[in-house]
Amino acid sequence: MPEGAPARMGPLSAHAAPAVTVAVVSWNTRDLLDACLRALEPEHAAGRAAVVVVDNGSGDGSPALVRDAHPWAALVERFDNPGFGTAANVALAGARTPYVAVANADTAVTPGALDALLAAAARHGDAVLAPCLRTPGGGIQHSVHPFPSLRQVAAVDLGLARVLPGEARRLALEGAWDPGAGRTVDWAHGAFLLLPRALWERLGGFDPSMWMYAEDLDLCWRAARAGAPTRYVPDAVVEHHVAASTTQAWGAGRLQRSQRAAHAWSRRRLGPARTAAWWGLAIGAGVVRSAALTVAARLAPVGYGWRRDRARALLAARLAARREGS
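Just so you know, the working numbering puts 27 at position 22 of the sequence shown, and the rest follows in order with no gaps.
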């Protein structure tokens with residue numbers, strides 16, 4: 006068998022016509038995958054969802070878990086790790102349901118979440134639907150964002166959002182975003198997204214060249230260009246253990262990898278000139294912010310030390326991404 010080829014794929018569903026095929030992408034998160042599938046099993050039993058798990062070469066027994074504890078779910082077992090986007094594309098290649106969804110293995114739908122997303126999908130037609138992501142501790146993850154632009158940099162990195170609260174709300178920035186209100190957003194985290202299968206196929210799924218990070222940004226950006234907005238659906242609640250797989254893989258290197266992915270995406274989709282403009286402004290603002298926080302941390306280390314360190318880390322990651330991408 007060729008390296009990376011599927012080892013086994015079971016039947017999609019025991020039901021004739023589920024509404025949605027859910028692609029669950031797994032890599033070395035066995036216990037979280039178990040919780041994810043336990044949450045989806047009632048949706049499958051009700052005939053609402055077909056579930057396909059793609060395991061990207063896990064070494065923790067995840068495929069055996071699916072075979073033994075969740076035989077109702079289809080399994081595509083790989084011997085490589087092609088990344089989240091490619092795995093999701095593989096899972097949904099044979100989907101015939103009206104809707105498709107992509108899910109991290111570290112998510113768990115709460116009762117009614119899938120119904121709420123499907124109802125919103127029926128209302129909004131061609132759109133990407135994003136749920137409210139809730140952390141295990143009960144907090145709400147800030148999961149919606151503006152597209153990268155000079156306007157976004159001015160609001161976030163130059164601090165204009167602090168003096169222009171209306172702009173912060175329009176951009177759905179953290180602290181100004183109301184997680185209880187449904188709305189159109191630029192893009193949402195790909196931990197769990199649902200969309201019409203026809204739209205997914207028209208977009209060609211995820212860009213397979215994007216191995217990890219920014220694939221959700223890219224999908225929503227291409228959808229928006231095709232006239233399909235991203236809608237945040239607050240009454241669809243999905244629990245999310247943030248970055249379970251990527252933390253295992255890269256730990257502290259996640260920030261650097263995410264910034265490299267963002268820079269590469271921007272150069273590809275927005276072009277070198279626009280990328281140089283907004284990335285340069287972000288770096289300039291980062292230099293000023295780091296310097297100001299360094300002074301503040303000397304005066305009040307408890308209150309400002311962690312902010313200084315975070316600003317320095319982000320600045321270093323952006324500088325490295327620009328250097329490597331130029």
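We treat Cβ as the ideally placed atom computed from N, Cα and C, and that holds for glycine.
query                                                                                                                                : result
Simplified DSSP state of residue 253, which is helix, strand or coil                                                                 : Note that residue 253 has pLDDT 48, beneath the 50 cutoff, so the model's placement of it is unreliable and the number below is only indicative. Residue 253 falls in the helix class under three-state DSSP.
Complete runs of the beta strand (DSSP E) confined to the stretch 44-68 [at least 3 residues]                                        : 54-61
Beta-carbon separation (whole angstroms), residue 30 vs residue 59, contact threshold 8 Å                                            : 5 Å
Cβ-Cβ distance between residue 312 and residue 324 below 8 Å                                                                         : no
Residue environment, residue 112, which counts as buried when at least 16 other CB atoms sit within 10 Å                             : buried
Which of helix, strand or coil DSSP assigns to residue 307                                                                           : helix
Contacts around residue 5, its chain only, beta-carbon distance under 6 Å, and the 5 residues preceding and following it disregarded : Outside the displayed span of the chain (6 to 331) sits residue 5, for which this structure offers no information.
Assumed close pair residue 266, residue 219 - CB separation to whole angstroms, cut-off 8 Å                                          : 4 Å
Length of the line joining the Cα atoms of residue 54 and residue 212                                                                : 25 Å
Residue range of the beta strand (DSSP E) that includes residue 263                                                                  : Taken as a continuous stretch (DSSP letters only), residue 263 belongs to no beta strand (DSSP E), being part of the alpha helix (DSSP H) at 259-274.
Reduced DSSP category for residue 340 - H, G, I as helix; E, B as strand; rest coil                                                  : Since the displayed the chain opens at 6 and closes at 331, residue 340 lies outside it and no answer follows.
7 Å CB neighbourhood of residue 202 in its chain, flanking five on each side removed                                                 : 100, 102, 103, 104, 105
Residue environment, residue 307, which counts as buried when at least 16 other CB atoms sit within 10 Å                             : exposed
Beta-carbon proximity check, residue 149 vs residue 233, cutoff 8 Å                                                                  : no
Close-in-space but distant-in-sequence residues of the same chain around residue 317 (CB under 6 Å, 5 per side omitted)              : 295
DSSP three-state assignment for residue 191, whether helix, strand or coil                                                           : coil
Chain C contact for residue 273 (CB, 8 Å cutoff)                                                                                     : Checking the listed chains, one finds no chain C in this structure; it contains a single protein chain.
Rounded straight-line distance, which links the Cα of residue 128 to that of residue 240                                             : 14 Å
Residues of its chain near residue 319, where Cβ-Cβ distance is below 8 Å and the 5 sequence neighbours each way are ignored         : 260, 264, 291
For residue 14, three-class secondary structure by DSSP                                                                              : Because residue 14 carries a pLDDT of 44, less than 50, the predicted location of this residue cannot be relied on, and the following value inherits that uncertainty. Three-state DSSP puts residue 14 in coil, outside helix and strand.
Extent of the continuous alpha helix (DSSP H) run through residue 113                                                                : Looking at the DSSP string, residue 113 is not in any alpha helix (DSSP H); the run it does join, the beta strand (DSSP E), is 112-114.
The stretch 187-196 / the stretch 134-148 touching (three or more Cβ pairs under 8 Å)                                                : yes
Beta-bridge partners of residue 108, as assigned by DSSP                                                                             : 29, 197
Proximity of residue 45 and residue 57 at Cβ, strictly below 8 Å                                                                     : no
Exposure label - residue 155; buried when at least 16 CB within 10 Å                                                                 : exposed
Spatial neighbours of residue 16 in its chain, beta-carbon cut-off 8 Å, leaving aside the 5 residues before and after                : Interpretation of residue 16 is limited by its pLDDT of 43, a score under 50 that renders its predicted location unreliable; the figure taken from the coordinates is listed afterwards. The residues are 79.
Own chain, CB closer than 6 Å to residue 110, minus 5 neighbours either side, in chain order                                         : 29, 31, 34, 37, 38, 41
Backbone secondary structure at residue 71 - three-state DSSP                                                                        : helix
Beta-carbon proximity check, residue 226 vs residue 152, cutoff 8 Å                                                                  : yes
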